[in-house]
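Numbering (this note's numbering), first residue to last: -13 to 309. Note that CB positions come from ideal geometry on N, CA and C, so glycine has one too. This one's a predicted model, so the numbers in the text were calculated from it and none came from an experiment.
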Amino acid sequence: MTKLIATHSGSFHADDVFGVAVLAAMFPDNRIVRTRDAGEIAKADFAVDVGGSWDAAQGRFDHHQRGFDGARVDAQGARAEGYASAGLVWREYGRDYVRQVAQGMGRELSEAEAKQVAGDVDTSLVRYLDLVDTGAANVAPGVFGLSSQVALLNSNWLEEQDLDAVAQASLQLQRFDEARAMVRRHLDRFVLKTIGQLLAADKVRQAPRLFDDRVLVLEDGGMPWTRVVVDEMPQVLLVAYPDSEGGRWQVRTVPKEQASFDSRLDLPEAWAGLRDAELAAASGVPDAAFCHLNLFIAVARSKPGALRLAELALATPPSTGAA
């Protein structure tokens, strides 16, 4: 049976676009109506960001009503960020959405795995949509955040000035659909990335470690390793893995914290910015190919060469900086 999904007419925002996008993905046989007519909203199977009530069992996901106090809970059980419609819909359907994306890749996730991924997606993506919508924070000034990218798709007065009301509504619906497709692409990519991180974690934990456990060696160059190594392997200073260009291997420094540019160990300063013969001469590794100027990546043309670069980096006293 076709599901009727209602949201408000007029300008759209990331939270209503996101909520409708998730519901439309979960219920592909759907019809979307943008309205503020209470009668139409009452007939809908789902009402997102409109309708004046929050009742997930009845498909109601509004946050504007007097007395609304829905909010996330932090690790200590204290009240955290308040919900807007994006978070309300994700709270109810996030785990099912994650499972659906995983199934599209031929993977079946357990309840615990789906819950973890959905929680990570909420923490890293959905809550920011809610923060912007509720005015609690402008987390991405300018036009760089997803909320701003969605807002840019609204039609403006220059486009609307020669249109009657029906044509204006048609144009805005077209733009809403464009925004919904964009949000869906972003969400699916982020869910896939988060699933990949989860499924890679045990493989990273089981990977061999060399040189007194200070170098982790991964045979899959696409394996996301940062979270596990930063959080669980304080002794690992370098990670070696195949480069995206066939045959080459990278040596990568481990950041002190996730998303940090400060490393537990920098590569030798004498290698900075060198390539090919110059790096081979400076390092003594014949197939050395490249070292980044900022000393966080080195590349060799073979696995043994990369491991030798790692071994030499471990043996090199850290720079004390400029005199």
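In or out: Glu164 buried (at least 16 other Cβ within 10 Å) or exposed? The residue in question, Glu164, is exposed, as its Cβ has fewer than 16 Cβ neighbours within 10 Å.
Only counting the same chain, and skipping five residues up and downstream in sequence, which positions put a Cβ closer than 7 Å to that of Val36? For Val36, where only same-chain residues beyond five positions count, the Cβ hits under 7 Å are Ala(-8), Thr(-7), His(-6), Arg22, Ile27, Asp48.
Going by beta carbon distance, what residues of the same chain come within less than 7 Å of Ala396, once the five residues before and after it are set aside? Missing from the structure shown is residue 396; the chain here goes from -13 to 309 and no further.
Under the three-state DSSP convention, the category Gly68 falls into: If DSSP states are grouped into helix, strand and coil, Gly68 belongs with the strands.
Other residues of its chain near Thr(-12): CB distance less than 8 Å, five sequence neighbours each side excluded: For Thr(-12), where only same-chain residues beyond five positions count, the Cβ hits under 8 Å are Asp15, Asn16, Arg17.
To the nearest angstrom, how far is it from the Cα of Gly307 to the Cα of Gly182? Any answer about Gly307 is weak, because its pLDDT of 49 lies below 50 and its placement is not dependable; what the coordinates show is given next. In a straight line, the C-alpha of Gly307 is about 38 Å away from that of Gly182.
Nearest-angstrom Cα separation, counted from Asp198 out to Val8: Distance between the alpha carbons of Val8 and Asp198 is about 47 Å.
7 Å Cβ shell around Ala193 - same chain, five flanking residues per side excluded: Counting only residues of its own chain and dropping the five nearest sequence neighbours on each side, Ala193 has a CB closer than 7 Å to the CB of Leu202, Val203, Leu204.
Per DSSP, Phe(-2) forms a beta bridge with which residues? As far as DSSP is concerned, Phe(-2) takes part in no beta bridge.
Decide if Arg238 is buried, meaning its Cβ has at least 16 other Cβ atoms within 10 Å, or exposed. Arg238 comes out buried.
Per DSSP, the bridge partner or partners of Asn124: The partner list for Asn124 (beta bridge, DSSP) is empty, contrary to what the question assumes.
Could you give the C-beta distance for Ala72 and Ala151, rounded to a whole number, given that I count them as a contact under 8 Å? For Ala72 against Ala151, the beta-carbon gap comes to about 28 Å, at or over 8 Å, which does not count as contact.
Please determine, among Val177, Ala64, Ala70, the residue with the shortest C-alpha to C-alpha distance to Val376. What the structure shows of the chain is the stretch from -13 to 309, and residue 376 is not part of that stretch, so it cannot be assessed.
For a test of the three-state rule: what should DSSP assign to Ser156, helix, strand or coil? DSSP, read as helix, strand or coil, puts Ser156 in helix.
Can you have a look at Val59 and say buried or exposed, based on whether 16 or more other CB atoms are within 10 angstroms of its CB? Burial call: exposed.
Since I believe Ile283 is in contact with Gln236 (beta carbons under 8 Å), could you give me their beta-carbon distance rounded to a whole number of angstroms? That pair is a contact at about 6 Å.
Report the residue from Asp119, Pro220, Met91, Tyr83 whose alpha carbon sits nearest the alpha carbon of Gly105. Answer by Cα proximity: Tyr83.
With C-beta atoms as the reference, is Leu260 less than 9 Å away from Leu295? It is not a contact, given that the beta carbons lie outside the stated cut-off.
On a CA-only basis, which of Ser249, Glu255, Asp217, Leu196 is nearest Ala226? Give me that one, please. Taking each of Ser249, Glu255, Asp217, Leu196 in turn and checking the Cα distance to Ala226, the smallest one comes out for Leu196.
Bridge partners - Asp41, DSSP secondary structure assignment: DSSP lists Arg46 as the bridge partner or partners of Asp41.
Residues near Ala123 in its chain [Cβ-Cβ closer than 6 Å; skip 5 each side]: Cβ neighbours of Ala123 beyond the five flanking positions: Leu117.
Could you check where the alpha helix (DSSP H) with Gln236 kicks off and where it finishes? Unbroken run through Gln236 is the beta strand (DSSP E), 235 to 239; no alpha helix (DSSP H).
Roughly how far, in whole angstroms, is the beta-carbon of Val107 from the beta-carbon of Phe4, given that I think they are within contact range, below 8 Å? 11 Å between Cβ atoms; not a contact.
Buried or exposed, going by whether 16 or more other CB atoms sit within 10 Å of the CB of Glu255? By the Cβ neighbour-count rule, Glu255 is exposed, with fewer than 16 other Cβ atoms within 10 Å of its own.
Arg213 - containing alpha helix (DSSP H), residue span: For Arg213, the uninterrupted alpha helix (DSSP H) run begins and ends at 212 to 218, by DSSP.
Quick one: grab the DSSP three-state call for Thr(-7). Thr(-7): strand per DSSP, three-state reduction.
Could you tell me if Ser269 is buried or exposed, where buried requires 16 or more neighbouring beta carbons within 10 angstroms of its beta carbon? Answer is buried; the Cβ neighbour count reaches 16.
Can you find a heavy atom of the ligand MG that lies under 8 Å from the Cβ of Gly121? Ligands displayed in this structure: none; no statement on the ligand MG is therefore possible.
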